[in-house]
Every structure is written in structure tokens, then in C-alpha cells.
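Since the structure comes first, as C-alpha cells, the remarks are kept for the end.
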Amino acid sequence: MPESPEVDALAGFLRAELTGRTIREIEVEEFRAWKTRARPAEEMAGRTITGVRRFGKHLALDTSDAQGSGPSLLISFGRAGWARWNAEDLPEAPTIVRVHFDGDGRLALTDAGDWLSLGVSVTDDPTTEPSVAKLGPDPILPSFTRATLDGIVGGRRKQLKALLQEQESLAGIGNAYSDEILFVARLAPDVHASALDEEERGRLFDAITGVLGEAFAARRDVPIAEQKAAKVAAMRVHGRTGEPCPECGGVVEDVPGSKGNAQWCPACQAG
Ligand SMILES: [Zn+2]
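In the numbering used here, the protein residues as written are 400 to 670.
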């Protein structure tokens with residue numbers, strides 16, 4: 400579920416809520432989610448949160464103790480991970496890791512997927528972790544320009560839908576926003592990146608920055624428990640199989656071969 404707009408909103412919430420709080424204890428309910436066996440959860444007890452950083456769809460909770468800056472807790476949300484703050488457990492999204500803070504604050508890291516995809520690790524520098532180090536440019540940053548995109552798509556014999564979701568190429572976009580971006584760009588999901596002409600690359604750039612810019616702004620002040628619903632409600636074509644296309648009034652369809660996981664308007668995106 401979470402892509403960079405939702406993870407960024409969560410980062411903002413956690414930054415405001417957790418900075419200055421001290422970790423009392425971390426309970427790991429599902430040990431497969433704890434990725435650093437040599438650095439157990441106990442290592443984080445007694446440390447104070449100094450900041451929260453987002454890298455693509457990952458979050459780092461930075462800490463320090465009396466001796467100075469310390470390790471970070473790196474959270475990868477995977478396909479269906481999320482977080483709840485001071486809330487009761489939900490059967491549909493089991494709690495995988497619980498972070499207890501002094502003064503009763505409780506952060507639950509959850510996973511609603513059919514299989515576990517949430518991962519947590521302890522690291523001295525999140526930027527050196529493979530999942531973060533491999534990330535391509537983040538399109539929400541001002542440093543992401545038309546030239547950046549041209550460098551990413553140029554010569555790539557890869558379908559656009561797959562390329563948009565490839566974290567090594569662009570950080571933070573997943574299944575839902577890639578559908579939305581391609582719809583706004585009027586480009587078919589199976590077109591190869593290398594086949595785009597100048598004008599189509601321009602449309603793709605405008606759609607990436609436009610769709611993400613709009614989503615970041617819209618998600619920013621939504622409570623974290625309502626992020627999923629807000630995202631679903633904002634979708635133009637993703638998840639709207641059989642509904643009318645908001646542009647042409649035609650019918651939104653599943654992308655062939657996507658097993659119902661991706662949607663498009665064949666009329667608008669015929670190319
Ligand atoms: Zn349409």
C-alpha cells in the first residue's frame with residue numbers, strides 16, 4: 400500500500416510525535432521481520448529519537464544517547480506494512496514490531512499482507528544499507544529535472560509500468576501511483592521507455608511530478624490511520640476496474656496480464 404506520499408506523511412507525523420521521546424523497549428512479535436540478528440532490538444532501549452528521515456518508501460528513526468548520536472531504526476514497509484500510534488491491535492493488520500516509549504507512547508509496525516513484507520533493521524548509517532543505497536532519484540525533490548528523467552528512460556528497453564516502479568530508477572513509486580502517472584501522461588503501461596519521443600518524455604515528466612506533487616500535498620495532514628482510505632479515494636483509474644474514465648467517460652479496465660492489480664483507460668492511453 401504505502402508509496403512515497405503516504406510514507407512522507409507518516410514521516411512528518413512521527414517526526415512531530417517521536418522526536419525527543421526515549422525508547423523503553425522494542426518487542427518483536429515476528430522475528431522474520433527483524434533483519435539484523437547481530438544487532439538485536441535491545442540495543443535500541445534507552446535511546447532517544449532525534450529525527451525521522453524518509454528514503455523512497457523507507458523510514459529511518461535516528462537516535463542518540465548521552466554519548467552522542469547512535470544507530471537508526473530502518474523500517475521498510477514492503478507491500479503492506481504500515482504503522483499505528485497508540486492504537487489497539489487490528490486483526491486485519493497484525494502488529495509485527497512494537498516500539499514502547501517512556502511515558503506510554505506505543506508505535507506498532509503492522510503488516511496487512513498475505514505474506515510478511517515489513518522489515519526492520521538497526522544500522523549506523525541508513526544510506527549504506529542496500530535497500531537505500533540502491534535507490535534512484537526521488538522525483539519529489541527539486542533536483543529531479545527533465546534531464547534526470549531523460550537519463551533514466553533513455554535507451555531503456557523496459558516497459559514504462561515496470562520502469563516507474565523500479566526503485567533503482569525512481570525512488571518511492573509503486574503500483575498505484577505508476578497507474579495514475581501513466582493515465583495522466585496518456586501513455587500505455589507496456590510501451591518501452593526507449594520508444595518515447597521528446598514530447599512523450601515531457602508528458603511523462605509532467606505526470607510524475609504533477610501526480611506525486613499533488614499526492615504529497617493532499618496526504619500531508621491526513622491522520623495516519625486514514626492514509627489508506629485517502630489514497631484509495633484519490634485514485635483516477637487505479638483500483639477502478641469497470642468504472643467510468645474521469646476523462647473520456649469510457650470504461651477503466653485491468654491492464655492485460657496484470658491479474659487485476661493494475662488499471663488503465665485503453666481509450667485515453669492508446670498512444
Ligand atoms: Zn479515458
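Where a beta carbon is used, it is the ideal one built from N, C-alpha and C, also for glycine.
Given the structure is predicted, the values throughout are model-derived calculations rather than measurements.
Same chain, Cβ closer than 6 Å to residue i, five either side skipped, listed in chain order
i	result
Phe-543	Pro-536
Leu-413	Val-451
Arg-453	Val-406, Asp-407, Ala-410
Lys-627	Met-400
Ala-507	Arg-483, Thr-494, Arg-497
Asp-510	Ala-479, Gly-480, Ile-495, Leu-517
His-499	Arg-423, Glu-424, Arg-505
Ala-440	Ile-425, Val-427
Ala-492	Thr-509, Ala-511
Option nearest residue i by Cα separation, candidates the options
i	options	result
Tyr-576	Gly-659, Ala-440, Ile-551, Ala-614	Ala-614
Gly-512	Gly-656, Gly-480, Asp-464, Leu-417	Gly-480
Val-650	Thr-640, Ser-657, Lys-658	Thr-640
Gly-554	Phe-430, Val-621, Thr-418, Ala-592	Ala-592
Thr-547	Glu-442, Thr-608, Glu-428, Gly-648	Thr-608
Ala-415	Ala-570, Ser-657, Gly-504, Val-590	Gly-504
Val-531	Ala-616, Phe-500, Ala-570	Ala-570
Ser-568	Asp-578, Glu-579, Ile-551, Lys-557	Ile-551
Asp-596	Ile-572, Asp-549, Glu-442, Leu-562	Asp-549
Phe-476	Arg-619, Asp-653, Ser-403	Ser-403
Ile-474	Ala-492, Glu-652, Ala-616, Glu-528	Glu-528
Gly-573	Cys-647, Ala-629, Asn-660	Asn-660
Asp-578	Thr-421, Gln-466, Pro-655	Pro-655
Gly-419	Ala-492, Gly-502, Asp-653	Gly-502
Ala-561	Gly-467, Pro-541, Asp-589	Asp-589
Leu-559	Ala-594, Pro-643, Pro-541	Ala-594
Cβ-based neighbour list, residue i, same chain, cut-off 8 Å, excluding 5 preceding and 5 following
i	result
Gly-612	Ile-539
Gly-638	Ala-575, Val-631, Gln-662
Leu-417	Ile-448, Val-451, Leu-460, Phe-500, Gly-504, Leu-506
Ala-617	Pro-404, Ala-629, Ala-633
Ala-444	Ile-422, Arg-423, Glu-424, Ile-425
Residues of its chain near residue i, where Cβ-Cβ distance is below 7 Å and the 5 sequence neighbours each way are ignored
i	result
Phe-582	Arg-635, Val-636, Trp-663, Cys-664, Cys-667, Gln-668
Ala-584	Arg-602, Leu-603, Ala-606
Glu-599	Leu-586
Ser-471	Ala-459, Leu-460, Asp-461, Thr-462, Thr-522, Pro-525
Lys-557	His-591, Ala-592
Ala-437	none
Gln-566	Gly-455, Lys-533, Leu-534, Gly-535
Gln-564	Ile-572, Gly-573, Asn-574, Ser-577
Integer Cβ distance of residue i from residue j, believed to fall under 8 Å
i	j	result
Asp-461	Thr-449	5 Å
Val-519	Lys-434	7 Å
Glu-429	Leu-515	6 Å
Arg-624	Ala-486	Sequence inspection shows Ala at residue 624; the Arg mentioned does not correspond to that position. Indeed they touch by this definition, with Cβ atoms about 7 Å apart.
Val-610	Ile-580	5 Å
Arg-446	Gly-469	5 Å
Interface flag, residue i vs chain D, CB-CB below 8 Å
i	result
Ala-594	The chain inventory of the structure shown lacks chain D, comprising one protein chain alone.
Below 5 Å from a heavy atom of ligand 1 - residues by beta-carbon: Spelled out in chain order, the answer is Cys-644, Glu-646, Cys-647, Gly-649, Cys-664, Ala-666, Cys-667.
Every unbroken beta strand (DSSP E) within the region 465-490, with a cutoff of 3 residues, ordered by chain: Within the region 465-490, complete beta strand (DSSP E) segments of at least 3 residues are found at 467-475, 480-484, given in chain order.
Whole alpha helix (DSSP H) elements within the region 581-649, 4-residue minimum: With a minimum length of 4 residues, the continuous alpha helix (DSSP H) runs that stay inside the region 581-649 are 597-618, 626-633.
Complete runs of the alpha helix (DSSP H) confined to the region 494-562 [at least 4 residues]: Those alpha helix (DSSP H) runs which fall completely within the region 494-562 and span 4+ residues are 529-532, 545-552.
Beta strand (DSSP E) runs contained entirely in the region 408-477, provided each spans 3 or more residues: Complete beta strand (DSSP E) runs here, min 3: 422-427, 447-454, 457-464, 467-475.
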